[in-house]
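Colleague: Take a look at the following structure, please.
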Amino acid sequence: MFKNMSVHTVWTTTCWDTSINSEFLMKLSNEDISINFHLRNILSSVHQTQKEWFKSGILVDLSCDEASDVLQEASKRRLFNLQNDWVLFDRHGNPNKTDTLEIALHSFRTHMNQAYMMPDSRVYLLIEVDRNVWEIWDGFRLSVTEEVQVSRVGVMTPDRVEIKRANRTNFKRVVLSASSVILEPNSFRGWNKPILTHNLDAFAHMHYAICTVLAEQLNFTLNLTLSADYGWNYGNGTYSGLIGKLQREEIDFTAAGGLMRSDRMDVGDLTVGTFVARTVAIFKQPPLSSVNNVFTLPFVLNVWIVMFAVMSVFTVALIFLIWTSNWLHGVETRLSIALDTVTLVLAAICQQGLSVAAAQYSGPTRLATFTLFLCAVFLFTSYAACIVVMLQSPSQTINTVKDLADKPITFSAQDTKHNYIYFNETVDENIKKIYREKMKPQGARAFTSPEIGVERVRNEFHSYLVEITSAYDIIAKTWQEHEKCSLSETELYKIPLLTLYVVKKSGYKDVFKQKMIQQHEIGLKDRIAKSIMPQKQKCVSANSGVARFDSVSMKEIYPALLFLSYGIFTSWLLLLFEHMYKTHVDKKNT
């Protein structure tokens, strides 16, 4: 039988003779199963099973005097679980040929009527019905207040073992206690009513939906209460709020998702991950013109090379055409013609007019000049269009936590308990720098409500750490379409998955996990999330084909004004030097 259960080791709590133990040892050894005998200290053998990482089998002879003590101690330590397959029997057999159902009920109620033997347990009773023929009976309790339920699940002979799993998914409307958390009771309108204000309580609504489906799957009655908070360690091993109720076993499981934290695993067991409460820093990227000189950005190396090549080609062509025309007409070509040609090409590139009358040029020279100015029009139009686009474009200068720490952007966070804790627990130097330099000086403004934080992001160069779905809801209701295009987000730290906790060593853990995984596989969990949680807003205006231009301030055109000022100053300086030089030459000549 133990071979069919795929156990690696067997613990025996029997009162057999040494010869029988030796024979039993040989049979199990032949099946590659280890065995441990603890006849003098039976309770210690039960205690050791919870330290084994592999599956164990435990054989208990109910006719032994110590059997009841062993089973009571096992119940106290909650060893009736998936890790341990318990096999009970009475070596005296069934001499009175009593009905096996009566024997099963009597045995379980006598020895295990108050045992913590929940749906996750595997406890079998062997009843001899004929020579070397045993019926296999299964027993468990739906809750600590219910009687033991028994059912015939198989038969065993020397040649074969047949065991079928008993149905543990019908709890027959037994009452299970759970508790949820509402952090903002003023906005709570009821579990089955639409959420008007999206906040962290939205996760409580989603987990309530999961729990109601779970109650239908397992056919139990949910007794739901509310807690003030999710529960945090007081520092002395006890917890507040929801986790505190779980620790004191006032509830069977949590109906609100708690973060998967290592400190909470000491007081409760995890089921499966449900949802992700993404807490990210949102901010608007600064305009490209505020971090770069947009007038020089289009001029990459290749553009400079092409511009120089075009200017050189037109300069050489014009000089050659003018020289050829002068040579044909017998006119001497002066050096100033070449300098004037360079000035002409520069003027054309910069969209300036002709400094020489076109009538002085020959036909080929005029055609080359026209081509030069036409080419300059296309170049200048492309450049101007590029500048306009960049003036309306956000930059991508903030992408990491380090950027948030180093850039001159203000910072605040959502006023939630876990944000306080994670800022205090973090070992990341950049996050510490943000908290120390950007948040502490703000005092009470460092932790604010989502409405205030998101509005600051909208109107200031500000970053706000928030549970992202709360921000999405506010952005969808208050922001204009074009404002969403510059919105960025980055994670400061990874928030653990949310999960439903059950009491430590709970007898419902595995059956809950199975049904919750089933909800995920058939899409119920995703449907719940999409029906409650707001989705990320898309930048519609960028692809709508409708142009929208923001006003350009002095800040955007400051580099151009600065360059113009430098040019004017240089021109006056050159004029002054020319005047001084001319005055000096005139005095020298006189």
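The sequence shown begins at 1 in UniProt numbering and counts up one residue at a time.
C-beta: ideal position from N, C-alpha, C; glycine also.
#1: From what residue to what residue does the alpha helix (DSSP H) around H106 run?
#2: Straight-line CA distance for D69 to D17?
#3: Looking only at its own chain, which residues have a Cβ that is under 6 Å from the Cβ of H47, when we skip the five neighbours before and after it?
#4: Check the C-beta distance from I182 over to A204 and give it rounded, since I have them as a contact under 8 Å.
#5: Taking its Cβ as the centre, do 16 or more other Cβ atoms sit within 10 Å of H111, making it buried, or is it exposed?
#6: Among A166, P158, F461, H207, which residue has its Cα nearest to the Cα of L500?
#7: Would a C-beta distance cut-off of 7 Å place L242 and S262 closer than the cut-off?
#8: Rounded to a whole number of angstroms, what is the C-alpha to C-alpha distance between D120 and H8?
#9: Between the Cα of F299 and the Cα atoms of S571, I387, L374, which residue gives the shortest distance?
#10: Take every Cβ of the segment 179-198, pair it with every Cβ of the segment 267-274, and state whether three or more of those distances are shorter than 8 Å.
#11: Roughly how many whole angstroms lie between the Cα atoms of L288 and A277?
#12: With a threshold of 7 Å on Cβ separation, who are the neighbours of G258 within its own chain once the five nearest residues in sequence on each side are excluded?
#13: Can you give me the start and stop residues for the alpha helix (DSSP H) that E429 sits inside?
#14: Quick one: residues in its chain with C-beta nearer than 6 Å to the C-beta of N223, no 5 flanking neighbours on either side, listed in chain order?
#15: To the nearest angstrom, how far is it from the Cα of L379 to the Cα of Q351?
#16: Quick one: what's Y558 bridged to in DSSP?
#17: Below 8 Å on the Cβ atoms is my contact criterion, and I expect A104 with W137 to pass it. Report the Cβ-Cβ distance as a whole number of Å.
#18: Between G154 and D85, what straight-line distance do the alpha-carbon atoms span, to the nearest angstrom?
#19: For S312 and N293, what's the separation of their Cα atoms in angstroms?
#20: Assuming L321 contacts T365 under a Cβ cut-off of 8 Å, what Cβ separation, rounded to an integer in Å, is found between them?
#21: According to DSSP, is E128 helix, strand or coil?
#22: Name the two residues that bound the continuous beta strand (DSSP E) containing W86.
#23: Measure the beta-carbon distance from F2 to L28 and round it to whole angstroms, keeping in mind my assumption that it falls under 8 Å.
#24: For S463, write down the residues that DSSP places opposite it in a beta bridge.
#25: Helix, strand or coil: which one does DSSP assign to T13?
#26: For S470, I'd like the list of residues in its chain whose CB is within less than 6 Å of its CB, leaving aside the five on either flank, ordered along the chain.
#27: Can you tell me whether T98 is buried or exposed? The criterion is at least 16 other CB atoms within 10 Å of its CB, across all chains shown.
#28: Excluding the 5 residues flanking I195 on each side, which residues of the same chain have their C-beta closer than 7 Å to its C-beta?
#29: Could you tell me the alpha carbon to alpha carbon distance between S474 and A281, rounded to whole angstroms?
Modeller: In brief:
#1: 100-112
#2: 20 Å
#3: At H47, the pLDDT of 48 sits below 50, so the modelled position is not reliable; the number obtained from the coordinates is stated separately. Within the same chain, H47 has no close Cβ partners at all.
#4: Contact holds; Cβ gap of about 6 Å.
#5: buried
#6: Residue H207 is the option with its Cα nearest to L500.
#7: no
#8: 19 Å
#9: I387
#10: No: the two stretches stay apart, fewer than three of their Cβ pairs being nearer than 8 Å.
#11: 32 Å
#12: Y230, L242, I243, R264, L498, T499, Y501
#13: 429-433
#14: V175, S177
#15: 10 Å
#16: The partner list for Y558 (beta bridge, DSSP) is empty, contrary to what the question assumes.
#17: 4 Å
#18: The alpha-carbon atoms of G154 and D85 are separated by roughly 15 Å.
#19: 27 Å
#20: 4 Å
#21: Secondary structure of E128 (DSSP, three-state): strand.
#22: 84-89
#23: That pair is a contact at about 7 Å.
#24: F283, F411
#25: strand
#26: Excluding residues within five positions, the ones whose Cβ falls inside 6 Å are H198, N199, P450.
#27: exposed
#28: A202, H205, I532
#29: The amino acid at residue 474 is misidentified as Ser; the sequence shows Ile. Roughly 15 Å separates the two Cα atoms.
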